[in-house]
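Take the sequence shown: its letters are residues 1047 to 1283, numbered as in our numbering.
Glycine included, every Cβ here is placed at the ideal spot set by N, Cα and C.
No experiment lies behind these values; they were computed from the predicted model shown.
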Amino acid sequence: MKKGVQRYYQKRAETYEDLDEPETIVAAVRAIGIADHLRIMDLGKEELVLDVGCGTGRFLQPFSSRARAVGVDFTVEMLEKAGESGALLVRADAEHLPFKDRVFDVVHSAGLLGVYRSQRICHEMVRVAGKGGRVYVSFPASESASGVVARLFMRLGWNPTLLDHWYSKADIRGMLPVEAEITGIYRLGFEPPFQRLYRHLRSRLLTRLFIALERKLRDRPLLRYFGARWLVEAKRG
Ligand SMILES: C[S@@+](CC[C@H](N)C(=O)[O-])C[C@H]1O[C@@H](n2cnc3c(N)ncnc32)[C@H](O)[C@@H]1O
1047 MKKGVQRYYQ
1057 KRAETYEDLD
1067 EPETIVAAVR
1077 AIGIADHLRI
1087 MDLGKEELVL
1097 DVGCGTGRFL
1107 QPFSSRARAV
1117 GVDFTVEMLE
1127 KAGESGALLV
1137 RADAEHLPFK
1147 DRVFDVVHSA
1157 GLLGVYRSQR
1167 ICHEMVRVAG
1177 KGGRVYVSFP
1187 ASESASGVVA
1197 RLFMRLGWNP
1207 TLLDHWYSKA
1217 DIRGMLPVEA
1227 EITGIYRLGF
1237 EPPFQRLYRH
1247 LRSRLLTRLF
1257 IALERKLRDR
1267 PLLRYFGARW
1277 LVEAKRG
């Protein structure tokens, strides 16, 4: 499975940033996602932050303007696009991070567990976090509108979303090692399901409407179910 993921991203590297084209709902969801992570992480200037599965550096760019940032990914073609982020880049497998124990103040990963389910990656992230260091991992939420629709369609052989693995809150506890204390689980990624259908739809009006709705509705009890991702915050005791 790991080789398959790598081959996929070798090909996807050229078009990965197309998802950030302005005036698409997918780009709006992604931009809101970065802002949400930054707000929750509240990085300090002197902190050393590691981004695991950093891809083209979407998160590394804002991380390096706020703190000292290092990015790890195993796909060279993705890392090549991250060159302008200002972060130190390391090509490595996230299941075997080439760092000593307890060296980072903050360890972050977004999107990775949605394409590659690995308890080992979560354990490695906690291992390299310093004592009291913060770990932030995003997981697609199975208890969400997108999660329910995706799993239903996946049984029929088609995935309408861009994510392959979905996690319940109970799954998340099992993914992390016992020494990680979960200090927050945030529901983020307010979006309608069927990203594969609307990701190329370019409409300024629809995107503005979506952003306005997102601001007004994301925290309403019933509509929170459209938040497709958990961002889990954990501390190493
Ligand atoms: C969905 S992309 C997310 C990229 C970036 N975090 C973002 O949010 O734009 C997943 C990335 O994880 C990388 N990846 C997947 N499995 C990995 C592994 N075992 N070790 C290192 N990188 C991995 C892929 O190469 C890809 O760049």
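The shortest C-alpha to C-alpha distance from Ile1080 to any of Leu1243, Glu1225 and Tyr1182 is the one to Tyr1182. Shown here for Glu1069: same chain residues with a beta carbon closer than 6 Å to its own, the five before and five after excluded, namely Arg1248, Arg1250 and Thr1253 in chain order. Within the region 1061-1104, the complete beta strand (DSSP E) segments at least 3 residues long are 1094-1098, listed from N- to C-terminus. Judged by their CB atoms, Phe1240 and Phe1272 are not nearer to each other than the 8 Å cut-off. The alpha carbon of Val1098 has as its nearest neighbour, out of Ile1086, Asp1088 and Phe1109, the alpha carbon of Phe1109. Proximity of the region 1109-1123 to the region 1085-1098 meets the contact definition, three or more beta-carbon pairs being nearer than 8 Å. Counting along the chain, Leu1269 sits inside no alpha helix (DSSP H), nor does DSSP assign it H or E at all.
Taking a contact to require three or more Cβ pairs closer than 8 Å, the region 1159-1176 and the region 1082-1090 do not qualify as touching.
Glu1227 carries a strand assignment under DSSP once its states are collapsed to helix, strand and coil. The shortest C-alpha to C-alpha distance from Ser1164 to any of Arg1173, Val1153, Val1152 and Ala1140 is the one to Ala1140. When beta bridges are read from the DSSP output, Arg1282 appears opposite Ala1226.
By the neighbour-count criterion, in which 16 or more other beta carbons inside 10 Å mark a residue as buried, Asp1119 falls on the buried side. Annotation: the continuous alpha helix (DSSP H) that includes Leu1243 extends over Gln1241 to Tyr1244. Counting along the chain, Val1181 sits inside the beta strand (DSSP E) bounded by residues Ala1175 to Pro1186.
Asp1119 has Arg1137 as its beta-bridge partners, per DSSP.
According to DSSP, Tyr1232 shares a beta bridge with Leu1277. Our two residues, Leu1106 and Val1278, have alpha carbons roughly 19 Å apart in a direct line. The beta carbon of Gly1203 sits closer than 6 Å to none of the beta carbons in its chain outside the five residues before and after it. Residue side-chain check: Glu1170 keeps its Cβ at 7 Å or more from all non-hydrogen atoms of ligand 1. Shown here for Ile1167: same chain residues with a beta carbon closer than 6 Å to its own, the five before and five after excluded, namely Ala1140 and Glu1141 in chain order. Apart from sequence neighbours up to five positions away, the residues of its chain that approach Met1171 with a beta-carbon distance below 7 Å are Val1098, Val1153, Ser1155, Val1181 and Val1183, ordered along the chain. At a cut-off of 7 Å, the beta-carbon of Met1124 counts as near ligand 1: some heavy atom of the ligand is closer than that.
In this structure Lys1177 is not in contact with Glu1227, their Cβ atoms being roughly 12 Å apart against a cut-off of 8 Å. Excluding five sequence positions before and after Thr1229, the CB atoms of its chain that fall closer than 7 Å to its own CB belong to Glu1279, Ala1280 and Lys1281, given in chain order.
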